[in-house]
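Take a look at the structure below.
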Amino acid sequence: MDIKEYIDTLPLKAVRPRADGTYTVVPRMHGGILDAEQLTSITKVVRDNGLPQVRITAGQQLLIDNVPEDRLKAVIEALGAVGAAYRHKALGCLGTAGCKLGQQDSQSAAVRLSELLETFTMPTKVKAGVSGCSMCCAESYVRDVGLVGRKHGWTVVFGGNAGKRVRQGDVLAEDVSEDEAFAILGRVLAFYAENGKKKERTARFVERVGLDAVMQAASDED
19 MDIKEYIDTL PLKAVRPRAD GTYTVVPRMH GGILDAEQLT SITKVVRDNG LPQVRITAGQ
79 QLLIDNVPED RLKAVIEALG AVGAAYRHKA LGCLGTAGCK LGQQDSQSAA VRLSELLETF
139 TMPTKVKAGV SGCSMCCAES YVRDVGLVGR KHGWTVVFGG NAGKRVRQGD VLAEDVSEDE
199 AFAILGRVLA FYAENGKKKE RTARFVERVG LDAVMQAASD ED
């Protein structure tokens with residue numbers, strides 16, 4: 019098995035080639051959290067293989083850089099699980115777990131949202147932001163899916179985009195419980211998964227079908 023065939027057996031985006039002929043490797047992690055065993059394993063791999071650095075990505079993951087091709091398989095086998103834990107990104111700020119401004123548990127909600135996104139076959143990638151307060155550090159209003167924690171519950175946002183055509187997401191509900199927020203997201207994501215065009219992000223989807231249709235799908239009314 020050549021190196022390309024070997025990489026193809028790995029989880030999505032676990033390994034990527036660099037222009038200089040080396041590779042980047044992403045250890046598997048959930049919501050930006052690593053335990054002591056994982057940290058020890060990563061440190062040992064970097065030291066044993068003389069690798070120059072480990073970087074933190076915008077997606078709250080660690081990335082081991084400049085892995086030579088002849089060491090790639092050994093590095094991966096030493097690390098254990100590699101690649102994104104979830105296909106779709108759901109980033110969470112510290113929230114009540116470590117921020118004095120946090121009003122909701124954004125970290126656990128981000129993991130829950132990642133798991134929800136995996137239950138659908140989406141037209142394209144989905145980025146989500148879960149912010150524990152209205153400071154919105156996870157940029158929830160410019161993500162495909164957003165949650166913003168407030169004193170009395172969650173604000174649910176859909177259809178944001180921070181790309182070339184910036185769009186602020188639409189608020190689908192305010193001051194709802196976490197379970198209610200996820201019920202709303204489940205309905206609107208099902209609507210998007212069924213009616214979105216291939217490679218159509220949620221911002222363009224909302225512009226095409228109209229906000230009224232999205233709000234109707236998000237409601238629990240028949």
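To convert a position in the sequence shown, counted from 1, into the working numbering, add 18. Don't be surprised by glycine CBs; every beta carbon is placed ideally from N, CA and C. All of these numbers come straight from a predicted model, not from anything done at the bench.
Using C-beta distances below 8 Å, list every residue in its chain close to residue i, excluding the 5 sequence neighbours before and after it, in chain order.
{"i": "L119", "result": "G150, C151, M153"}
{"i": "V189", "result": "T173, V174, V175"}
{"i": "Q186", "result": "Y159, V160, G178"}
Tell me which residues share the same chain as residue i and place their Cβ nearer than 6 Å to its Cβ, disregarding the 5 neighbours each side in the sequence.
{"i": "L81", "result": "T42, V44, R73, T75"}
{"i": "G171", "result": "D193, V194, S195"}
{"i": "M19", "result": "none"}
{"i": "C111", "result": "S124, S149, G150, C155, A156"}
Mind checking whether residue i and residue j have CB atoms under 8 Å apart?
{"i": "S132", "j": "Y104", "result": "yes"}
{"i": "G177", "j": "F223", "result": "yes"}
{"i": "A146", "j": "H106", "result": "yes"}
{"i": "N67", "j": "R89", "result": "yes"}
{"i": "A127", "j": "L97", "result": "no"}
{"i": "Q78", "j": "L109", "result": "yes"}
{"i": "L134", "j": "G228", "result": "no"}
{"i": "G113", "j": "S124", "result": "yes"}
{"i": "L52", "j": "G101", "result": "no"}
Checking the sheet assignment: what are the DSSP bridge partners for residue i?
{"i": "S152", "result": "Looking at the DSSP assignment, S152 forms no beta bridge with any residue, so it has no partner."}
{"i": "T173", "result": "V166"}
{"i": "P45", "result": "V100"}
{"i": "D188", "result": "F176"}
{"i": "R89", "result": "DSSP lists no partner for R89."}
{"i": "P35", "result": "Y41"}
Between the options, which lies nearest to residue i when the distance is taken from Cα to Cα?
{"i": "A32", "options": "D20, A99, L165, A191", "result": "A99"}
{"i": "K217", "options": "K143, E196, R183, G187", "result": "K143"}
{"i": "R183", "options": "E23, T220, V166, K91", "result": "T220"}
{"i": "V64", "options": "S195, D38, E95", "result": "E95"}
{"i": "P70", "options": "R34, A201, P86, T58", "result": "P86"}
{"i": "Y37", "options": "D83, G204, P141, N213", "result": "Note on residue identity: the sequence assigns Ala, not Tyr, to residue 37. Of D83, G204, P141, N213, the residue nearest in Cα terms is D83."}
{"i": "A92", "options": "Y24, K169, E198, F200", "result": "Y24"}
{"i": "A180", "options": "G167, K169, V163", "result": "V163"}
{"i": "A201", "options": "Q56, D238, P29", "result": "D238"}
{"i": "T137", "options": "K22, A208, K215", "result": "A208"}
{"i": "A199", "options": "G214, Q122, K22, K215", "result": "Q122"}
{"i": "P141", "options": "D197, G50, N213", "result": "N213"}
Below 7 Å CB to CB, which residues in the same chain sit around residue i once its five sequence neighbours on both sides are set aside?
{"i": "H48", "result": "A103, V129"}
{"i": "V206", "result": "F176, L190, V232, A235, A236"}
{"i": "T139", "result": "A211"}
{"i": "P246", "result": "Because the chain in this structure spans residues 19 to 240, residue 246 falls outside the shown range and cannot be described."}
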